[in-house]
DNA sequence: TACGCGTGGGT
DNA sequence: TACCCAAGCGT
């Protein structure tokens with residue numbers, strides 16, 4: 003069976019791709035890597051301004067590696083999941099020390115860096131170095147679930163079958179495989195969205211198994227709903243926000259005022275310290291890590 | 001394998 | 001209004 007959806011999706015991408023700075027001709031592998039870390043679980047619109055500021059301040063891994071980790075946490079701003087900033091800083095130091103300051107191009111070397119898993123390693127190898135990898139993120143998983151499997155959503159946890167399917171679809175030629183990877187991801191981000199998909203704009207609607215099935219509703223276990231209010235995560239976020247916005251070290255009472263429950267507050271502070279996001283100074287004050 | 005980990009915009 | 005969810009990773 004000859005596949006007829008590769009070409010339409012490549013053509014659709016050529017005509018509809020967003021003009022994102024990490025896709026610009028002058029974008030460096032470092033810029034691609036920074037974007038991928040920031041985009042983990044965070045929308046493009048919120049990443050854009052932080053990415054620009056970050057790249058202006060730290061245009062190379064060595065530039066970031068020369069700074070204290072706390073500066074990375076501060077510059078991370080309100081992107082969320084600030085441990086990513088810490089790991090990106092660690093990666094910058096590893097790249098500077100182990101790779102001569104150049105972002106490695108192989109999936110294996112990328113995977114060895116902190117904060118880089120299977121998806122991000124494949125994405126950087128593909129987007130920055132035009133290597134041939136299955137780039138399987140939440141967008142691509144959803145597109146393949148609909149187009150080929152005929153269901154509205156993929157399973158909660160990624161399966162080996164999904165990986166095998168994605169790899170089987172890769173065009174043999176690496177540059178074309180790289181174009182395919184970014185194109186199918188973009189289709190998921192702009193058209194084949196989680197809610198209210200824009201099927202009228204889909205270049206492969208006539209081949210979509212889910213559409214041909216009559217777009218049956220998702221039939222499976224409830225998809226996780228994450229509560230946030232009142233959690234340790236919210237408490238950690240408030241504590242760290244105080245430190246980000248402070249010029250220097252702060253007294254303990256300045257942290258205490260952000261959360262009423264002292265037990266939860268102390269627990270959150272302890273885990274922030276354990277994570278390396280907060281530095282307890284000898285004089286009793288607290289600061290972003292140096 | 002399932003869970004913890006931030007934040008804010010869309011529906 | 002309350003969810004839902006957004007280019008995941010590490011444990």
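In this note's numbering, the protein residues as written are 3 to 292.
Ideal placement from N, C-alpha and C gives every residue a C-beta, glycine not left out.
query                                                                                                          : result
Nearest-angstrom Cα separation, counted from residue 70 out to residue 239                                     : 20 Å
Beta-bridge pairing of residue 282 - partner residues as DSSP gives them                                       : 288
Classification of residue 109 by the beta-carbon crowding that lies within 10 angstroms, buried from 16 upward : buried
Run of the alpha helix (DSSP H) containing residue 301, from where it starts to where it stops                 : The shown model of the chain, from 3 to 292, leaves out residue 301, and the question about it has no answer.
Buried versus exposed, by CB contacts within 10 Å (16 or more), residue 295                                    : Here the chain comprises residues numbered 3 to 292, so residue 295 is not present and cannot be evaluated.
Per-residue burial, residue 215 [other beta carbons within 10 Å of its own, 16 or more giving buried]          : exposed
Beta-bridge partners of residue 252, as assigned by DSSP                                                       : 288
Supposed contact pair residue 132 and residue 63 - C-beta distance, whole angstroms, cut 8 Å                   : Contact flag wrong, Cβ pair sits at about 20 Å.
At least 3 beta-carbon pairs within less than 8 Å: the stretch 72-83 vs the stretch 43-54                      : yes
Supposed contact pair residue 138 and residue 154 - C-beta distance, whole angstroms, cut 8 Å                  : Not really, about 18 Å apart at Cβ, beyond 8 Å.
Opening and closing residue of the alpha helix (DSSP H) in which residue 114 lies                              : It is not in any alpha helix (DSSP H) - residue 114 carries neither H nor E in the DSSP assignment.
Among 8, 18 and 149, the one whose alpha carbon lies nearest that of residue 218                               : 149
Short Cβ contact (9 Å threshold) for residue 151 with residue 35                                               : no
Under 9 Å between C-beta atoms of residue 126 and residue 187                                                  : no
Close beta carbons around residue 84, own chain, < 7 Å, minus the five adjacent residues each side             : 75, 78, 242 and 279
Unbroken alpha helix (DSSP H) run spanning residue 18, endpoints                                               : 8-18
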